[in-house]
Structure formats: structure tokens, C-alpha cells
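Visitor:
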Amino acid sequence: MPVCHLGGYYMDFATTRALMKYYEIPDKGVEDERLDYPLNDWLAKNGKREVLAGTMMHPSKGSKIEDGMLLITQQVWFKSLTRKTAMSRPPLRERDVDVAAKQWLTNGGAGENEIEWLSVWDTFGLTQISRYAYKNNVKGKRPVLVDMTCLSREESQAYVDAGMPDMRTYFGDELYEKMTAKSRRG
3 MPVCHLGGYY
13 MDFATTRALM
23 KYYEIPDKGV
33 EDERLDYPLN
43 DWLAKNGKRE
53 VLAGTMMHPS
63 KGSKIEDGML
73 LITQQVWFKS
83 LTRKTAMSRP
93 PLRERDVDVA
103 AKQWLTNGGA
113 GENEIEWLSV
123 WDTFGLTQIS
133 RYAYKNNVKG
143 KRPVLVDMTC
153 LSREESQAYV
163 DAGMPDMRTY
173 FGDELYEKMT
183 AKSRRG
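See below:
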């Protein structure tokens, strides 16, 4: 099973909500652990699809529940994760494009001490729904999880570039069924 090494900026939910208020991202009635839905919706609608938001537990705080948001700016995919791969892979480092995302956070009121660069393996399933920010119905049902790992990076990017139309129509019934099978099994 493909696995992803993520790089991005972590912030707690209080900082996330303050940022969402600054950018006027609606979050009324949305629980903390679901803040990634309105945030990804806003990112997609505002041309920031290269960033993906996901709620997670901070890896060094020992929390048992999601305690913050990771704004993912780097994704490095591997065919599978072995202990050797995990141990030999150096942490992802901030690049200029990442610092631009950090600037967006600080412009929105997040203090330098309220955001932290993290390089982590995606053991949280943050890239299960999508590799990119996506439009969604924030107030509706939880979306069907789509396993896009069966797609190449180019196929995923082509879908995003096409404006992320209805998945069943875009990919066809057979591939859509394959991509959503895990979610329907529960």
C-alpha cells in the first residue's frame, strides 16, 4: 500500500479557528476535528489547492485525540513503507514554497510561536480523501472516503486541474467503485 511522507505546518485548534475567523472561513457548528472540511473547501475555492488541511494528533504531545491541524505543503509518496525506508528517510525540510504558505498563516494572525513545521509519515490518513484541497459540502454528511492512491500523481493533478468535477462522472463507474470500496465497507 502506498504511503506518504508529509511536510507542513501544525497549529492547535484555537489558532486554526482564529485563522479561519480572519479569512472569514465559516466554521459555525463544526467540531474541532472536522475543521479540515471548511478549510479545504475554502482553500480549493480560493486557488490554494496545493495545500491540504488535515486534523491530527501532534506526534510528540502524546494526545489520544486530534488536537490540531496540519497544513500539508509537501507530499513524498513511497510504494510501501518498510522499517528501513522509515528509518533512512531524512525529515522533510522547509522550502521557499512552504515558507510562502507559512507567510499566509502569519498574515492571518498566527504567531510564529503558534505554528510548527512538522515532517511526519501519514499514519493519520490525511491523504485518504484527497491529495489536494477539495470543494465539499461542509454542513452535509461526512463525505465518502476516496482512495486516490490507485491514481498516478499526473492523474490526480489532471483531476484537480479539471476543477474536481463529480468523481463518478470523471473517472467512470468501475474506477469510482474501486476508489470508494474501503469507505463503503465501513
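For what it's worth, this note's numbering labels the leading residue of the sequence shown as 3, then goes sequentially.
Every residue gets a Cβ at the ideal spot worked out from N, C-alpha and C, and that includes glycine.
I'd like the list of long-range same chain contacts for Leu37, defined as Cβ closer than 8 Å, with 5 residues on each side in sequence excluded.
Guide: In the sequence shown, residue 37 corresponds to position 35, counting from 1. Here the set comprises Phe15, Thr18, Arg19, Met22, Asp29, Ala55, Thr57, Met71.
Visitor: Can you have a look at Arg97 and say buried or exposed, based on whether 16 or more other CB atoms are within 10 angstroms of its CB?
Guide: As a working note, residue 97 is residue 95 in the sequence shown. Arg97 should be labelled exposed.
Visitor: Mind checking which residues open and close the beta strand (DSSP E) that includes Tyr12?
Guide: Residue numbering aside, residue 12 sits at position 10 when the sequence shown is read from its first letter. Tyr12 -> beta strand (DSSP E) spans 5-14.
Visitor: Under DSSP, the beta strand (DSSP E) around Leu120 begins and ends at which residues?
Guide: Here the question's residue 120 lines up with position 118 in the sequence shown. 118-123 is the span of the beta strand (DSSP E), which, as asked, contains Leu120.
Visitor: Could you check which residue in Lys180, Asn42, Ile74, Glu116 has the C-alpha nearest to that of Val99?
Guide: Counted from its first residue, the sequence shown places residue 99 at position 97. Cα-wise, what sits closest to Val99 is Ile74.
Visitor: Would you tell me roughly how many angstroms separate the C-alpha atoms of Lys81 and Cys6, rounded to the nearest one?
Guide: Numbered from its first residue, the sequence shown carries residue 81 at position 79. Numbered from its first residue, the sequence shown carries residue 6 at position 4. Using only the alpha carbons, I get a separation of about 9 Å.
Visitor: From Gln76 to Tyr39, what distance separates their C-alpha atoms?
Guide: Taking the sequence shown and counting its residues from 1, one reaches residue 76 at position 74. Taking the sequence shown and counting its residues from 1, one reaches residue 39 at position 37. C-alpha separation (whole angstroms): 19 Å.
Visitor: Which residues share a DSSP beta bridge with Val99?
Guide: By 1-based counting over the sequence shown, the position of residue 99 is 97. The partner list for Val99 (beta bridge, DSSP) is empty, contrary to what the question assumes.
Visitor: Could you spell out where the beta strand (DSSP E) holding Leu54 opens and where it closes?
Guide: One-based indexing of the sequence shown puts residue 54 at position 52. Per DSSP, Leu54 is one residue of the beta strand (DSSP E) stretching across 54-58.
Visitor: Quick one: what does DSSP say Phe80 is sitting in, helix, strand or coil?
Guide: Residue 80 sits at position 78 when you count from the first residue of the sequence shown. It is a strand residue.
Visitor: Candidates Gly113, Glu118, Thr84, Leu41: which alpha carbon is nearest Arg95's?
Guide: Taking the sequence shown and counting its residues from 1, the one referred to as residue 95 is at position 93. Minimum Cα-Cα distance from Arg95 among the listed residues Gly113, Glu118, Thr84, Leu41 corresponds to Glu118.
Visitor: From this set, Glu52, Glu35, Leu41, which residue's C-alpha is nearest Gly9's C-alpha?
Guide: Residue mapping note: residue 9 aligns to position 7 of the sequence shown, counting from 1. Nearest option by C-alpha distance: Glu52.
Visitor: Roughly how many angstroms separate the alpha carbons of Asp43 and Tyr25, rounded to a whole number?
Guide: The residue labelled residue 43 in the question sits at position 41 within the sequence shown. The residue labelled residue 25 in the question sits at position 23 within the sequence shown. C-alpha separation (whole angstroms): 13 Å.
Visitor: Find the nearest neighbour of Val101 within the set Pro92, Glu114, Arg91, judged by alpha-carbon distance.
Guide: Position 99 of the sequence shown, counting from 1, holds the residue named residue 101. Comparing C-alpha distances from Val101 to each of Pro92, Glu114, Arg91 shows the shortest one belongs to Glu114.
Visitor: Distance check for Pro93 and Lys86, CA to CA, integer angstroms please.
Guide: Your numbering for residue 86 matches position 84 in the sequence shown. Your numbering for residue 93 matches position 91 in the sequence shown. Going from the Cα of Lys86 to the Cα of Pro93 covers about 14 Å.
Visitor: Buried or exposed: which applies to Asp175, given that a residue is buried once 16 or more other Cβ atoms fall within 10 Å of its Cβ?
Guide: The sequence position of residue 175 within the sequence shown is 173, counting from 1. With fewer than 16 other Cβ atoms within 10 Å, it is exposed.
Visitor: In angstroms with no decimal places, state the Cα-to-Cα distance between Ser185 and Gly110.
Guide: Start at 1 with the first residue of the sequence shown, and residue 185 comes out as number 183. Start at 1 with the first residue of the sequence shown, and residue 110 comes out as number 108. Since pLDDT at Ser185 reaches only 47, below the 50 mark, its modelled position is unreliable, and the value read off the structure follows with that caveat. C-alpha separation (whole angstroms): 35 Å.
Visitor: Where does Thr171 land, buried or exposed, given buried means 16+ other C-beta within 10 angstroms?
Guide: Working through the sequence shown from its first residue, we reach residue 171 at position 169. Exposed, by the Cβ-count rule.
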